[in-house]
Amino acid sequence: MAQLWGGRFTKETDRLVYQFNASISFDRRFWEQDIRGSIAHVTMLAKQGILTDEEKEQIIEGLQGIRRDVENGTLPITEEYEDIHSFVEANLIDRIGDAGKKLHTGRSRNDQVALDMKLYTRDEILELDALLKGILQSLLKLMKEHTETFMPGFTHLQKAQPITLAHHLGAYFEMFKRDRSRMKDIYKRMNYCPLGSGALAGTTYPLDREYTAKLLDFDGPTLNSMDSVADRDYLIELLSAMSTVMMHLSRFSEEVIIWNSNEYQFVEIDDAYSTGSSIMPQKKNPDIAELVRGKTGRVYGALMSMLTTMKGIPLAYNKDMQEDKELVFDAIDTTKGCLALFTGMLDTLRFRPKRMEDSAKHGFTNATDAADYLVNHGVPFRDAHGIVGRLVLYCIEKNIALDDMSLEEFRAISPVFEEDIYDAISMKTCVEMRNTIGAPGQKAMQKVIEMEEAYLLTE
Ligand code: ARG
């Protein structure tokens, strides 16, 4: 058992207590960030004359040696240490002797862990952002291909009005675009360096906190040392943003599952992203979409846990806060994994435009347009509504779509109908007429696609 605080204690810590307290099994994950932070810290200590240049060189060389050996697997991070900070420091002292004992000058594990977690999260936010950008690129490609793929748009999961696949996918584009902007906001707000806050009240050494902040690419030092070691807001914000990403992925998964069902057959999920049944040979299940939907709960759970952990903690650091790590790590892994897999599934999804268009026709999604046709020919809207109601009833009885009726059949219900009714209620016309920005009409859609393309080039 290797720990940093033996001096004041007389009895060896009970093994169970030790294990309960230890964090190495999970904080080993940010070993690289711990070393990076320590290098910046000693660089600053030497600049301030707190360490000699020689001591600095020795320590940095030692830390780089540890980095190399962990990387190439010759130095395993074992559980004989209490936490990653003890592991690095003990190994440093083993390697370079007394100079290693000066690494922790003017620092506490409280500001050290606050820094490590920030460095780790900051790196992960960039990865999450890259994955979100990836799904946006896949979506935009599909949107360009499907501006004339007609399908029913739904409200209450009932067919409502015709749209295009580009328009439907475009809705998800907006969601993931907002998710990216949330990531960017969090990064910006969290990007202040807690190092130099000490245990809670700063230190008596003449540290240059601006300098360490700069060395580690922060926008500056944090401005209150108590808040610095006790702040986990950025983790709560990240968990919240990831919960929203998962909620979006889950809704999208639900649609893919519905579209892939025997009844809809709007899409076919690639074999690589579906699984068979052990008993029913005919089945091909959308397991990946279901798992993404299912894993959403884990990320929500992490957000609730973190909020609950933080709610009763008096200033400043308390050990409860060690609970931040496992939750956040799991939520990040889950969200990143789901984004990558969902994008792969989307890229290989086969769409069935004919099924989609037929479905739109047979759901009377063009009924509003038939009524508009009558209105344009002088029929008052209330009468037009009634006439189209009768058309729909007639079609339901005969099990046909409005477009399948002959002109005689149309005229039997209202003599106002002429040959041009077919054009007026074609899916193409119904969609084309909707050209205000944000609507599915081709011109409007084209404009939006160009804007999104420009956005992806610059951000
Ligand atoms: N493992 C601890 C954590 O994750 C590191 C900080 C320990 N500080 C302390 N005062 N015991 O929070």
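Heads up: the sequence shown begins at 617 in the numbering used here, then just goes up one per residue. Idealized CB from N, CA, C, for every residue including glycine. Owing to the predicted nature of the structure, the values given are computational and were not obtained by experimental measurement.
List the residues that DSSP assigns as beta-bridge partners of residue i.
| i | result |
| --- | --- |
| VAL1092 | Not covered by the structure: residue 1092. The range shown for the chain is 617 to 1075. |
| PHE792 | Answer by DSSP bridge pairing: none, since PHE792 is not bridged. |
| GLY892 | LYS900 |
| LYS775 | PHE770 |
| PRO810 | Its beta-bridge partners do not exist; DSSP assigns none. |
| THR780 | PHE766 |
| PRO692 | For PRO692, which the question treats as bridged, DSSP gives no partner whatsoever. |
| ARG930 | Looking at the sequence shown, residue 930 is not Arg but Pro. Partner(s): none; PRO930 has no beta bridge. |
| PRO837 | CYS809 |
Beta carbon of residue i: closer than 7 Å to some heavy atom of ligand 1?
| i | result |
| --- | --- |
| LYS941 | yes |
| GLN938 | yes |
| ARG725 | yes |
| SER639 | yes |
| LYS734 | no |
| HIS643 | Looking at the sequence itself, residue 643 is Asp, so the reference to His does not match. ASP643 Cβ: within cutoff of ligand 1. |
| VAL729 | yes |
| LYS952 | no |
| ASP699 | yes |
| LYS935 | yes |
Please check the pair residue i and residue j, which I expect to be a contact at CB under 8 Å, by giving their CB distance rounded to whole angstroms.
| i | j | result |
| --- | --- | --- |
| VAL658 | ILE676 | 6 Å |
| ALA983 | VAL1008 | 6 Å |
| ILE1041 | ASP985 | 5 Å |
| THR780 | VAL1047 | 6 Å |
| LYS941 | PHE703 | Contact flag wrong, Cβ pair sits at about 15 Å. |
| TYR889 | GLY953 | Their Cβ separation, rounded to whole angstroms, is 14 Å, which puts TYR889 and GLY953 out of contact at 8 Å. |
| LYS663 | TYR827 | 6 Å |
| SER813 | SER859 | With a Cβ gap of about 29 Å, SER813 and SER859 do not count as contacting. |
| PHE1026 | ILE1037 | 6 Å |
| ASP795 | LEU758 | Their Cβ separation, rounded to whole angstroms, is 18 Å, which puts ASP795 and LEU758 out of contact at 8 Å. |
By the DSSP assignment, the beta strand (DSSP E) with residue i in it spans what residues?
| i | result |
| --- | --- |
| PHE766 | 766-771 |
At what residues does the alpha helix (DSSP H) containing residue i begin and finish?
| i | result |
| --- | --- |
| GLU670 | 669-687 |
| ILE1016 | First-last for ILE1016: undefined, no H or E at that position. |
| LEU1023 | 1023-1029 |
| CYS1046 | 1043-1048 |
| VAL1032 | It is not in any alpha helix (DSSP H) - VAL1032 carries neither H nor E in the DSSP assignment. |
| LEU632 | 631-637 |
| HIS701 | 700-712 |
| GLU939 | Where GLU939 is concerned, there is no enclosing alpha helix (DSSP H), given that its DSSP letter is neither H nor E. |
| VAL1064 | 1058-1074 |
| TYR827 | 825-831 |
| LEU742 | 725-761 |
| HIS993 | Looking at the DSSP string, HIS993 is not in any alpha helix (DSSP H), and its letter there is neither H nor E. |
| TYR850 | 849-875 |
| ILE651 | 647-663 |
| GLU980 | At residue 980 the sequence reads Phe, which differs from the Glu that was named. Here PHE980 belongs to no alpha helix (DSSP H), and DSSP marks it neither H nor E. |
| ILE640 | 640-643 |
Is the shortest distance between the beta-carbon of residue i and the beta-carbons of chain C less than 8 Å?
| i | result |
| --- | --- |
| GLY716 | Reference to chain C is not applicable here, since this structure consists of a single protein chain. |
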